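Visitor: Residue numbers for the sequence shown follow the UniProt record's numbering, beginning at 1 and rising by one. What follows is a single structure, and I will ask about it in a moment.
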Amino acid sequence: MSSTSECQFAQPAIPRFDCHYDHWSMLMENFLRSKEYWSLVETGYDEPQANAAVTEAQQKRLDEMKLKDLKVKNYLFQAIDKTILETILQKNTSKQIWDSMKKKYEGNARVKRSILQALRRDFETLEMKSGECIIDYFSRVMSVSNKMRFHREQMREVTIVEKILRSLTDNFNYIVCSIEESKDTDTLTIDELQSSLIVHEQEFHKKPVEEQALKVTIDERIGAGGRGRNSYRGRGRGRGRQAFNRATVECYRCHQLGHFRYDCPTWNKEANYAELEEHEDVLLMAYVEEHEAMRNDLWFLDSGCSNHMCGDARMFSELDESFRQQVKLGNNSRITVKGRGNVRL
Numbered sequence: 001m002s003s004t005s006e007c008q009f010a011q012p013a014i015p016r017f018d019c020h021y022d023h024w025s026m027l028m029e030n031f032l033r034s035k036e037y038w039s040l041v042e043t044g045y046d047e048p049q050a051n052a053a054v055t056e057a058q059q060k061r062l063d064e065m066k067l068k069d070l071k072v073k074n075y076l077f078q079a080i081d082k083t084i085l086e087t088i089l090q091k092n093t094s095k096q097i098w099d100s101m102k103k104k105y106e107g108n109a110r111v112k113r114s115i116l117q118a119l120r121r122d123f124e125t126l127e128m129k130s131g132e133c134i135i136d137y138f139s140r141v142m143s144v145s146n147k148m149r150f151h152r153e154q155m156r157e158v159t160i161v162e163k164i165l166r167s168l169t170d171n172f173n174y175i176v177c178s179i180e181e182s183k184d185t186d187t188l189t190i191d192e193l194q195s196s197l198i199v200h201e202q203e204f205h206k207k208p209v210e211e212q213a214l215k216v217t218i219d220e221r222i223g224a225g226g227r228g229r230n231s232y233r234g235r236g237r238g239r240g241r242q243a244f245n246r247a248t249v250e251c252y253r254c255h256q257l258g259h260f261r262y263d264c265p266t267w268n269k270e271a272n273y274a275e276l277e278e279h280e281d282v283l284l285m286a287y288v289e290e291h292e293a294m295r296n297d298l299w300f301l302d303s304g305c306s307n308h309m310c311g312d313a314r315m316f317s318e319l320d321e322s323f324r325q326q327v328k329l330g331n332n333s334r335i336t337v338k339g340r341g342n343v344r345l
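Below, the structure is given as structure tokens:
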């Protein structure tokens with residue numbers, strides 16, 4: 001029954017020395033403490049002087065200590081490579097082996113301060129990379145933080161939380177503001193912060209950032225020379241299409257409702273675009289009538305037109321008012337162009 005129970009529990013593996021002394025010594029100390037042998041490494045045991053009289057109880061106690069020390073030495077021999085053991089001169093007790101390893105590989109205080117200073121610099125310069133996910137960034141931050149803690153740096157949880165909040169990418173700005181307004185960062189745990197940010201990150205993937213492109217949509221093609229009431233609008237940020245009522249369209253030729261000039265039954269199909277002269281670029285203009293107050297944000301764009309017309313000089317980001325030209329419109333009327341420039345939409 002006893003042997004069966006022991007087989008059910010896996011024995012802890014002896015930590016192999018991999019030249020990273022701080023990490024190995026921590027694992028090895030924990031291993032020896034679990035076996036109740038750490039006192040032999042930490043304080044050792046005293047051998048009686050030669051020809052010194054010892055009682056039977058003292059000799060029995062000494063024999064027990066030597067047996068335990070042999071077991072500890074056996075663990076150390078299995079953990080340390082042969083080439084390293086050969087450099088250790090004193091191997092009579094486990095304490096001698098341990099102290100020799102500590103002197104060889106622990107390093108002095110100056111080296112430790114240098115390592116800690118480098119880790120502090122890494123921690124301060126940590127920034128979330130573009131396209132990096134929250135889990136990967138938290139992993140990088142915690143890796144540096146744990147190394148600092150291992151080198152005796154006092155890393156409070158609030159310090160790590162505040163570092164993460166101020167080093168996220170710009171698309172988390174409004175989330176950071178919301179967290180700082182609604183929660184006390186002194187009591188906010190790293191796990192809670194990570195969970196909250198992962199939820200918002202998933203929302204980013206569901207709703208990708210819309211391109212700030214100008215999209216013009218319409219149900220039916222509007223030909224040159226047609227006059228429409230409340231026909232269509234082109235707006236930024238990808239808004240949807242607006243309902244279009246063909247019955248409100250007025251033909252430029254016969255002035256009847258329900259069709260454009262290009263499909264007017266009385267039209268002889270001759271082109272009658274707005275133009276400057278025969279050698280000038282063609283200018284197309286769409287006209288809209290509003291029954292209510294004028295709309296300053298209403299635009300009509302023709303993808304085949306190289307020039308457009310605007311009646312409000314304030315809309316121009318650049319305007320050459322010295323430019324003058326007569327323009328012939330689709331209804332054979334002429335107007336004077338009083339400038340030429342660029343409009344920012």
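All C-beta atoms in this analysis are idealised placements derived from N, C-alpha and C, irrespective of residue type, glycine included. Being a predicted model, the structure only gives us computed values, none of them experimental.
1) Indicate the three-state DSSP secondary structure (helix, strand or coil) for I335 in the structure shown.
2) Between which two residues does the beta strand (DSSP E) carrying N74 extend?
3) What does DSSP give as the partner residues of F150 in its beta bridges?
4) Of the choices R149, C251, I164, whose alpha-carbon is the least far from that of M128?
5) Name the one or two DSSP bridge partners that R340 has.
6) Where do the N-terminal and C-terminal ends of the beta strand (DSSP E) with Q325 fall, by residue?
7) Where D122 and R340 are concerned, what is the direct C-alpha to C-alpha distance, given to the nearest angstrom?
8) If contacts are defined as beta-carbon pairs under 8 angstroms, then N342 and E318 qualify, I think. What distance do you get, rounded to the angstrom?
9) Buried or exposed, going by whether 16 or more other CB atoms sit within 10 Å of the CB of T125?
10) In whole angstroms, what is the alpha-carbon distance linking T159 and Q202?
11) To which residues does DSSP link L257 through a beta bridge?
12) Hey, would you say Q78 sits closer than 7 angstroms to I14, going by beta carbons?
13) Which residue from E132, H255, Y21 puts its Cα closest to that of N171?
14) Could you tell me whether any Cβ in chain B is nearer than 7 angstroms to the Cβ of D320?
15) Please list, in chain order, all residues of the same chain as T24 whose beta carbon is under 7 angstroms from its beta carbon, the five residues on each side excluded.
16) May I ask which residues mark the beginning and end of the alpha helix (DSSP H) holding L40?
17) In terms of residue numbering, what span does the alpha helix (DSSP H) encompassing L89 cover?
18) Is there contact here, the segment 28-42 with the segment 88-107, by at least three beta-carbon pairs under 8 angstroms?
19) Please classify Y137 as buried or exposed, where buried requires at least 16 neighbouring CB atoms within 10 angstroms.
20) How is N51 classed by DSSP in three states: helix, strand or coil?
21) Among K66, M28, I88, which residue has its Cα nearest to the Cα of L38?
22) If you follow the alpha helix (DSSP H) that D99 is part of, which residue opens it and which one closes it?
23) Excluding the 5 residues flanking Q194 on each side, which residues of the same chain have their C-beta closer than 8 angstroms to its C-beta?
24) Cα separation between C251 and T336?
25) By how many angstroms is the C-alpha of K91 removed from the C-alpha of R61?
26) Return the chain-ordered list of same chain residues with a C-beta closer than 8 angstroms to the C-beta of residue 346, the five sequence neighbours on each side being excluded.
27) Confirm, please, whether the CB-CB distance from R334 to Q326 is below 7 angstroms.
28) Could you please give the first and the last residue of the uninterrupted alpha helix (DSSP H) stretch that includes residue 346?
29) Does K82 come out as helix, strand or coil in the three-state DSSP assignment?
30) Quick check on T159: does DSSP put it in helix, strand or coil?
31) State yes or no: is the C-beta of H200 within less than 7 angstroms of the C-beta of I179?
32) Hey, quick one: how far does the alpha helix (DSSP H) through S196 stretch, first residue to last?
Guide: In this structure, then:
1) Position 335 of the sequence shown, counting from 1, holds the residue named residue 335. Looking at I335 - three-state DSSP - the assignment turns out to be strand.
2) Reading the sequence shown from its first residue, position 74 is the one you call residue 74. First-last for N74: 56-79, but that is the alpha helix (DSSP H), not the beta strand (DSSP E).
3) Along the sequence shown, read from residue 1 onward, the residue named residue 150 stands at position 150. Per DSSP, none; premise fails for F150.
4) Position 128 of the sequence shown, counted from the first residue, corresponds to residue 128. Comparing Cα-Cα distances from M128 to each of R149, C251, I164, the minimum goes to I164.
5) As a position in the sequence shown, residue 340 is number 340, starting the count at 1. D320, per the DSSP bridge assignment.
6) Along the sequence shown, read from residue 1 onward, the residue named residue 325 stands at position 325. Where Q325 is concerned, the enclosing beta strand (DSSP E) stretches over 325-328.
7) Here residue 122 refers to the residue found at position 122 when the sequence shown is read from its first residue. Here residue 340 refers to the residue found at position 340 when the sequence shown is read from its first residue. Rounded to whole angstroms, D122 to R340 spans 55 angstroms at the Cα level.
8) Here the question's residue 342 lines up with position 342 in the sequence shown. Here the question's residue 318 lines up with position 318 in the sequence shown. Between E318 and N342 the Cβ distance is about 5 angstroms, and since that is below 8 angstroms, they are a contact.
9) Start at 1 with the first residue of the sequence shown, and residue 125 comes out as number 125. Result: exposed.
10) If you number the sequence shown from 1, residue 159 lands on position 159. If you number the sequence shown from 1, residue 202 lands on position 202. Cα to Cα, the separation comes out at about 26 angstroms.
11) Within the sequence shown, residue 257 is the residue found at index 257, counting from 1. DSSP lists E250 as partners of L257.
12) Walking along the sequence shown from the start, residue 78 turns up at place 78. Walking along the sequence shown from the start, residue 14 turns up at place 14. Yes, the pair counts as a contact, with Cβ atoms nearer than the cut-off.
13) Along the sequence shown, read from residue 1 onward, the residue named residue 171 stands at position 171. Selected option, being the one with the closest Cα: E132.
14) Judged by its chain identifiers, the structure shown contains no chain B, having just a single protein chain.
15) Your numbering for residue 24 matches position 24 in the sequence shown. Reading off the sequence, residue 24 comes out as Trp, not Thr. Result list for W24: P15, F17, D18, in chain order.
16) Sequence index remark: in the sequence shown, residue 40 carries index 40 (1-based). Unbroken alpha helix (DSSP H) run through L40: 38-42.
17) Translated into the one-based positions of the sequence shown, residue 89 becomes position 89. Counting along the chain, L89 falls outside any alpha helix (DSSP H), and DSSP gives it neither H nor E.
18) yes
19) Taking the sequence shown and counting its residues from 1, the one referred to as residue 137 is at position 137. Classification of Y137: buried, given that the 10 Å Cβ count is 16 or more.
20) The residue you call residue 51 lines up with position 51 of the sequence shown. In this structure, N51 counts as coil in the three-state DSSP scheme.
21) The sequence position of residue 38 within the sequence shown is 38, counting from 1. Looking at the sequence itself, residue 38 is Trp, so the reference to Leu does not match. When only C-alpha atoms are compared, the closest one is M28.
22) As a working mapping, residue 99 is identified with position 99 in the sequence shown. 94-105 is the extent of the alpha helix (DSSP H) around D99.
23) In the sequence shown, residue 194 corresponds to position 194, counting from 1. Hits under 8 angstroms: I134, I135, F138.
24) As a first step, residue 251 is located in the sequence shown; it is residue number 251 there, counting from the start. As a first step, residue 336 is located in the sequence shown; it is residue number 336 there, counting from the start. Taking the straight line from one Cα to the other gives about 24 angstroms.
25) In the sequence shown, the residue the question calls residue 61 occupies position 61. In the sequence shown, the residue the question calls residue 91 occupies position 91. Their Cα atoms are separated by approximately 22 angstroms.
26) In the structure displayed, the chain extends from 1 to 345; residue 346 sits before or after that span and is not available.
27) The residue given as residue 326 occupies position 326 in the sequence shown. The residue given as residue 334 occupies position 334 in the sequence shown. It is a contact, given that the beta carbons lie within the stated cut-off.
28) The shown model of the chain, from 1 to 345, leaves out residue 346, and the question about it has no answer.
29) For the purposes of this step, residue 82 is taken as the residue at position 82 of the sequence shown. Helix.
30) For the purposes of this step, residue 159 is identified with residue 159 of the sequence shown, where counting begins at 1. Three-state DSSP puts T159 in a helix.
31) Taking the first residue of the sequence shown as position 1, residue 200 is located at position 200. Taking the first residue of the sequence shown as position 1, residue 179 is located at position 179. No, Cβ-Cβ distance for H200 and I179 is not below 7 angstroms.
32) To locate residue 196, count along the sequence shown from 1; it is residue 196. Start and end: 190-206.
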